[in-house]
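Student:
Protein chains in written order, with my numbering: chain A, 1 to 416; chain B, 1001 to 1157.
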């Protein structure tokens, strides 16, 4: 068994061992928890040496997926090597009749696979189940929950990207793995996630039973490759990381904050952001996770309308502002209020920068009073203790502490 | 003539329409980064985007002054190609009104590239071939005429 260089599986190198648990289990064990007859992973020296630290032998895990995806006899001619992951994925899609474009990217084909399972599951739901699902998704405003409406809602959620789509992929992966292997993926989920999960468990089970019946005739490899592909796709979504938006007026430290996330240190910025500047996805040394690619917009008021577009589908919104300016400059105050419009405050963190130019406790008090004043209307609950920070961005220790606190809050929110 | 310009001045940035500062949604005019209709050129000083179909140019660059955070102040302008030689005048007026120094080096560079057809190619390969072909035919025709004239002179003589 040997690993073929595969760009679609390279990301497994960056996945933590605990996250690879379900994938390894699915490759090694069958439904009754007995070892699979055709698996070769447990005979590998690296597996014997490092198991359960799966990260150490990610290539062997990838190779196992490739060989399960290839024809056994053809694998002999390929000197024990299987086929590329993309071929495994497209074979699975063909088997369960997922419509896809051959020219699409691997990630897009995986999306189609998830959406097909979601759509089929929704179609198998009873009116009562549809109602429960609609309510658990927070879409209680529909008079009747038709499958079409819910499919639309789920598709929008899924294709918007971000943490919500990762959670949906986790729900699907969990239900699929449970149907194939009898045991789900262990994860810490929030209440909404658990509700949606329970709403989906039955219908996805029915979808999988349909596939299962077809597989009994077709052959055994799909019993491994279907859950394996779904798990790889789910891990890829997890790896894609957080989508962030950093908003705020001119010279409030947006680019400095982005550099902290990218480099883990203070970087002196010598040029203001010119209109719009794109950045690639990166591994944040501060947050120990990936941050998706995105763009920076200049903070000038002319680009305020672009803020809504920038914040759509983001997992974390960092709102930088200079509180001194807000209290001393009427225009800046109006701009600040305008920037609050349309934000999802569950995801927003208010970061008051330039704390070296004012007395922090005094400013905290002022900002608190400003937000709870009746004139703030619906924004009175936007400003909370765990989402408001005062920082001097030139102070590395202070800024890094703040960013770590923000990530702690984000993870707590995801798991509550 | 409609030219728009944005300079990130403090406390309020501003735009210009026909040489006058106005409230206007400038974002769609100057954010052409992902617009495939705009050809992009870039150097250390600025980025130039040219839309051949509309004959419009967008330039992103920096003025020489720095803002309160110690950074070079960005600016962007959007203009019709036919107005390109007025850029300097428009820029100077606008920047001087907010006490900033015009980035003459950038504007000179844009004009230099325009004149040298770096981003607006007048002589495309097809046109060059045609030009060369027509030029060659003219030269050959002149040579033939000259030779014919000489032959005639010889016969006359």
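All C-beta atoms in this analysis are idealised placements derived from N, C-alpha and C, irrespective of residue type, glycine included.
Small disclaimer: the values here were computed from a predicted structure and weren't measured.
Helix, strand or coil, according to DSSP, for residue 403(A) in the structure here?
Tutor: For the purposes of this step, residue 403(A) is taken as the residue at position 403 of the first chain. Residue 403(A) falls in the helix class under three-state DSSP.
Student: With 9 Å as the C-beta to C-beta threshold (strictly closer), list the residues of the stretch 263-277 of chain A near chain B in chain order.
Tutor: Within the stretch 263-277 of chain A, the residues whose Cβ lies closer than 9 Å to some Cβ of chain B are 268, 269, 270, 271, 272, 273, 274, 275, 276 and 277, listed in chain order.
Student: With a threshold of 8 Å on Cβ separation, who are the neighbours of residue 1066(B) within its own chain once the five nearest residues in sequence on each side are excluded?
Tutor: For the purposes of this step, residue 1066(B) is taken as the residue at position 66 of the second chain. Correct list, in chain order: 1072 and 1073.
Student: Taking the straight line between their C-alpha atoms, what separation do you get for residue 280(A) and residue 292(A)?
Tutor: On the first chain, residue 280(A) is found 280 positions in, with the first residue counted as 1. On the first chain, residue 292(A) is found 292 positions in, with the first residue counted as 1. When rounded, the distance between both Cα atoms is 7 Å.
Student: Can you pull out the residues from the stretch 292-312 of chain A whose beta carbon lies closer than 7 Å to at least one beta carbon of chain B?
Tutor: Within the stretch 292-312 of chain A, the residues whose Cβ lies closer than 7 Å to some Cβ of chain B are 298, 300, 301, 302, 303, 305 and 306, listed in chain order.
Student: Check whether the Cβ of residue 1072(B) lies closer than 8 Å to any Cβ atom in chain A.
Tutor: Taking the first residue of the second chain as 1, we reach residue 1072(B) at position 72. Yes, because at least one Cβ of chain A sits closer than 8 Å to the Cβ of residue 1072(B).
Student: Given a cut-off of 8 Å, decide if residue 252(A) and residue 353(A) are closer than it, judged by their beta-carbon atoms.
Tutor: The count along the first chain starts at 1 and reaches residue 353(A) at position 353. The count along the first chain starts at 1 and reaches residue 252(A) at position 252. Cβ distance < 8 Å, so residue 353(A) and residue 252(A) count as in contact.
Student: Report the residues of the stretch 340-368 of chain A with a CB closer than 7 Å to any CB of chain B, ordered along the chain.
Tutor: Under the 7 Å Cβ criterion, the stretch 340-368 of chain A contributes no residue.
Student: Counting along the chain, where does the beta strand (DSSP E) carrying residue 29(A) start and finish?
Tutor: Here residue 29(A) refers to the residue found at position 29 of the first chain. Neither: residue 29(A) is in no beta strand (DSSP E) and is coded neither H nor E.
Student: Using DSSP bridges, identify the partner residues of residue 1060(B).
Tutor: Locating residue 1060(B) in the second chain gives position 60, counting from the first residue. Bridge partners of residue 1060(B): 1047(B) and 1076(B).
Student: Considering Cα atoms alone, identify which of 38(A), 42(A), 172(A) and 413(A) is closest to residue 111(A).
Tutor: Along the first chain, read from residue 1 onward, the residue named residue 111(A) stands at position 111. Measuring from the Cα of residue 111(A), the nearest candidate turns out to be 172(A).
Student: Given that residue 1010(B) touches chain A, what residues does it touch there, using C-beta distances under 9 Å?
Tutor: What you label residue 1010(B) is simply residue 10 of the second chain in a count that begins at 1. Residues of chain A passing the Cβ test: 250 and 251.
Student: So with CB distances below 9 Å, who are the chain A contacts of residue 1062(B)?
Tutor: Translated into positions along the second chain, residue 1062(B) becomes position 62. In chain order: 271, 272 and 274.
Student: Per the contact definition of three or more C-beta pairs closer than 8 Å, is the stretch 402-416 of chain A in contact with the stretch 356-368 of chain A?
Tutor: No: the two stretches stay apart, fewer than three of their Cβ pairs being nearer than 8 Å.
Student: Against chain A, with Cβ distances strictly below 8 Å, would residue 1068(B) count as a contact?
Tutor: Stepping through the second chain from its first residue, residue 1068(B) is reached at position 68. Cβ-Cβ to chain A under 8 Å: yes for residue 1068(B).
Student: Compare the C-beta of residue 1006(B) against all C-beta atoms of chain A and say whether one is closer than 8 Å.
Tutor: As a position in the second chain, residue 1006(B) is number 6, starting the count at 1. Output row for residue 1006(B): interface = yes.
Student: According to DSSP, simplified to helix, strand and coil, what is residue 1082(B)?
Tutor: Indexing the second chain from 1 puts residue 1082(B) at position 82. Note: residue 1082(B) maps to helix in three-state DSSP.
Student: Would you please verify whether the beta carbon of residue 1030(B) is less than 8 Å from any beta carbon of chain A?
Tutor: By 1-based counting over the second chain, the position of residue 1030(B) is 30. True, the Cβ-Cβ gap to chain A drops below 8 Å.
Student: Hey, does residue 1109(B) have any beta-carbon neighbour from chain A nearer than 8 Å?
Tutor: To locate residue 1109(B), count along the second chain from 1; it is residue 109. Closer than 8 Å: no.
Student: I believe residue 290(A) touches residue 240(A) by the beta-carbon criterion, under 8 Å. Please report the beta-carbon distance rounded to the nearest angstrom.
Tutor: Along the first chain, read from residue 1 onward, the residue named residue 290(A) stands at position 290. Along the first chain, read from residue 1 onward, the residue named residue 240(A) stands at position 240. Yes, they are in contact, since the Cβ atoms of residue 290(A) and residue 240(A) sit about 6 Å apart, within 8 Å.
Student: Compile a chain-ordered list of the residues in the stretch 1037-1058 of chain B whose CB is closer than 7 Å to at least one CB of chain A.
Tutor: Listed by position along the chain: nothing, the set is empty.
Student: If you draw a straight line from the C-alpha of residue 306(A) to the C-alpha of residue 1027(B), how long is it?
Tutor: Start at 1 with the first residue of the first chain, and residue 306(A) comes out as number 306. Start at 1 with the first residue of the second chain, and residue 1027(B) comes out as number 27. Each residue's Cα considered, the two are about 8 Å apart.
Student: Measure from the alpha carbon of residue 36(A) to the alpha carbon of each residue in 26(A), 45(A) and 206(A), then state which is nearest.
Tutor: By 1-based counting over the first chain, the position of residue 36(A) is 36. Measuring from the Cα of residue 36(A), the nearest candidate turns out to be 26(A).
Student: Using 8 Å for Cβ pairs, my map puts residue 207(A) next to residue 120(A). What's the rounded Cβ distance?
Tutor: Numbered from its first residue, the first chain carries residue 207(A) at position 207. Numbered from its first residue, the first chain carries residue 120(A) at position 120. The Cβ separation is near 5 Å, so the contact holds.
Student: Is residue 234(A) buried or exposed, if buried means 16 or more other CB atoms sit within 10 Å of its CB?
Tutor: Here residue 234(A) refers to the residue found at position 234 when the first chain is read from its first residue. Classification for residue 234(A): buried.
Student: Between the stretch 57-72 of chain A and the stretch 81-91 of chain A, do three or more beta carbon pairs fall short of 8 Å?
Tutor: They touch, by the three-pair rule.
Student: Would residue 98(A) and residue 69(A) be called neighbours here (beta carbons separated by less than 8 Å)?
Tutor: Residue numbering aside, residue 98(A) sits at position 98 when the first chain is read from its first letter. Residue numbering aside, residue 69(A) sits at position 69 when the first chain is read from its first letter. Not in contact: residue 98(A) and residue 69(A) (Cβ atoms no closer than 8 Å).
Student: Decide yes or no for the touch test of the stretch 322-334 of chain A against the stretch 247-265 of chain A: beta carbon pairs closer than 8 Å, at least 3 of them.
Tutor: Yes: the two stretches touch, three or more of their Cβ pairs being nearer than 8 Å.
Student: Assuming the contact rule is C-beta atoms closer than 8 Å, residue 1008(B) and residue 1075(B) should be a hit. Round their C-beta distance to whole Å, please.
Tutor: As a position in the second chain, residue 1008(B) is number 8, starting the count at 1. As a position in the second chain, residue 1075(B) is number 75, starting the count at 1. So it is a contact: roughly 7 Å between Cβ atoms.
Student: Determine the contact status of residue 314(A) and residue 243(A), defining contact as a CB-CB distance below 8 Å.
Tutor: If you number the first chain from 1, residue 314(A) lands on position 314. If you number the first chain from 1, residue 243(A) lands on position 243. Against a cut-off of 8 Å, the Cβ pair of residue 243(A) and residue 314(A) comes out as a contact.
Student: Where DSSP assigns a beta bridge to residue 417(A), which residues make up the other side?
Tutor: Absent from the structure is residue 417(A), since the part of chain A shown begins at 1 and ends at 416.
Student: Below 8 Å, how does it come out for the stretch 45-60 of chain A and the stretch 15-25 of chain A: are there three or more Cβ pairs, yes or no?
Tutor: Short answer: they touch.
Student: Drop a sphere of 10 angstroms on the beta-carbon of residue 1046(B), count the other beta-carbons inside from all chains shown, and report buried for 16 or more, exposed for fewer.
Tutor: Walking along the second chain from the start, residue 1046(B) turns up at place 46. Burial call: buried.
Student: Taking the alpha carbon of residue 487(A) as the reference point, which residue from 158(A), 86(A) and 95(A) has its own alpha carbon closest?
Tutor: No information on residue 487(A) is available, as it lies outside the stretch 1 to 416 that chain A covers here.
Student: For the putative contact between residue 230(A) and residue 176(A), defined by C-beta atoms under 8 Å, what is the C-beta separation to the nearest angstrom?
Tutor: As a first step, residue 230(A) must be located in the first chain, where it is residue number 230. As a first step, residue 176(A) must be located in the first chain, where it is residue number 176. With a Cβ gap of about 5 Å, residue 230(A) and residue 176(A) count as contacting.
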